[in-house]
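Just so we're aligned: the sequence shown equals residues -24 to -1, 1 to 160 in mature numbering (1 follows the signal peptide of the UniProt record, and there is no 0).
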Amino acid sequence: MNVHVFVYGICLVLTLIQHKGVEARSCTNLENKMFNNLLDMMVAIKSKCRTSGRPTVQGGPAFTATLRHHFSLTKDAAIKFDTVLLNRGGGYNPNTGIFTATKKGLYKFSATIMSNDGKQVHSYISKNGRKLMNLYAPKIHGATDTASPVLELNKGDKVSVNGYYSEQVYGRHYSFFSAFYISA
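Rendered as structure tokens:
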């Protein structure tokens, strides 16, 4: 039980650190790599705890993807986060922008969008085509919003970040989508 509380606590801290870094516009490739390394370590710790101290060859499904270039949204279409930094389990498809659960269980998601050229941007997280949580970055160049839901998924469920309107999301790795498996 204490290990689970520790892992969830680290997850919350990492999400806050990542959000604050982007909000302050101090997010660099190094910070993104550090965040992803910490995520990898957290997944490894979780996997190790499940096997009585013996590390497993593979942890649960996990992915992190960012936008390399600015992306023009289309109403209700998934944002295609094209730079995949991690795709353990192969659940994320950068060609569609959709994560497909490879196993049943709880997953922690995080999505951050950044506005471009002083224009607002609206998007939402969806599960199997159903809108779950909205994101809104106001009319300030570089404004961000982050949503970090924990979702219970069945194998084959699909999660994506979708556009509300024909707007543009800022790229250059400031906008991202990630998730990792928590438990069955």
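We put the CB at the ideal spot given by N, CA and C, even for glycine.
Given the structure is predicted, the values throughout are model-derived calculations rather than measurements.
Span of the beta strand (DSSP E), counted from its first residue to its last, around residue i
{"i": "tyrosine 100", "result": "97 to 103"}
{"i": "serine 136", "result": "134 to 139"}
Classification of residue i by the beta-carbon crowding that lies within 10 angstroms, buried from 16 upward
{"i": "leucine 82", "result": "exposed"}
{"i": "lysine 115", "result": "exposed"}
{"i": "asparagine 138", "result": "buried"}
{"i": "arginine 44", "result": "exposed"}
{"i": "glycine 105", "result": "exposed"}
{"i": "asparagine 110", "result": "exposed"}
{"i": "serine 159", "result": "exposed"}
{"i": "proline 31", "result": "Because the pLDDT at proline 31 is just 43, under 50, the model does not fix this residue reliably, and the value given afterwards should be weighed accordingly. With fewer than 16 other Cβ atoms within 10 Å, it is exposed."}
{"i": "valine 145", "result": "buried"}
Beta-ladder partner(s) of residue i, from DSSP
{"i": "aspartate 52", "result": "Beta-bridge pairing links aspartate 52 to no other residue."}
{"i": "asparagine 110", "result": "Tyr100"}
{"i": "alanine 155", "result": "Phe39 and Phe85"}
{"i": "leucine 129", "result": "Gly81"}
{"i": "serine 91", "result": "Val145"}
{"i": "alanine 123", "result": "Ala87"}
heavy atom of the ligand MN below 6 angstroms from residue i C-beta
{"i": "asparagine 138", "result": "For the structure depicted, the ligand MN is absent and the ligand set is empty, with no information on it obtainable."}
Residue i - DSSP class collapsed to helix/strand/coil
{"i": "residue 231", "result": "Because residue 231 is not part of the residues shown, which for the chain are -24 to 160, the question remains open."}
{"i": "tyrosine 68", "result": "strand"}
{"i": "phenylalanine 47", "result": "strand"}
{"i": "leucine 58", "result": "Correcting the residue type first, residue 58 is aspartate in the shown sequence and not leucine. Aspartate 58: coil per DSSP, three-state reduction."}
(request) Spell out a yes or no on whether the region 49 to 56 and the region 69 to 76 are touching, meaning 3 or more CB-CB pairs, one atom from each, closer than 8 angstroms. (result) yes
(request) Taking 8 angstroms as the threshold, find out whether the region 92 to 105 comes into contact with the region 131 to 148 through three or more Cβ pairs. (result) yes
(message) Under 8 angstroms: do the region 124 to 131 and the region 83 to 97 share three or more Cβ pairs, one atom per stretch?
(response) yes
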